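All remarks here apply to the structure that follows.
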Amino acid sequence: MVDSIDQEDKHNELDEETLFIVSQTFKALGDPTRIRILHLLANREHSVNEIADTLSLLQSTVSHQLRFLKNLRLVKYRREGTTLYYSPDDNHVMDILKQTIDHAQH
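So for the sequence shown, UniProt numbering puts the first residue at 1; every next one is plus one.
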């Protein structure tokens, strides 16, 4: 009986890759600038310049944060000419963000 419980515990353990991805996702959501960017993108796609103008941020700041979010596959982009338009790439994380904002405003 003890062996079967130990086996269950092992199946419930998180592997290193999952732990890393989860911790990086929460790290992404732990930064106010990234939260503001993701919240803006929840409504529609935006270019780097639109994000910078709307949120009163430097373009370099927005680009840096978008690169971080893109590396975690939280945002994606499409190119139109020389302009990149960003949008959410993970509805699960966007749902978590929306629920957390709703919780904070409740």
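Just so you know, even glycine gets a beta-carbon here, dropped at the ideal spot from N, CA and C. No experiment lies behind these values; they were computed from the predicted model shown.
- As the crow flies, the alpha-carbon of Leu69 is around 17 Å from that of Lys98.
- Taking 8 Å as the upper bound for CB-CB distance, Leu66 and Ile37 are in contact here, some 7 Å apart.
- Counting only residues of its own chain and dropping the five nearest sequence neighbours on each side, Val62 has a CB closer than 6 Å to the CB of Val48, Ile51 and Ala52.
- Under the three-state reduction of DSSP, His46 is assigned to strand.
- Ranking Leu72, Thr18 and Arg79 by CA distance to the CA of Arg34 puts Leu72 first.
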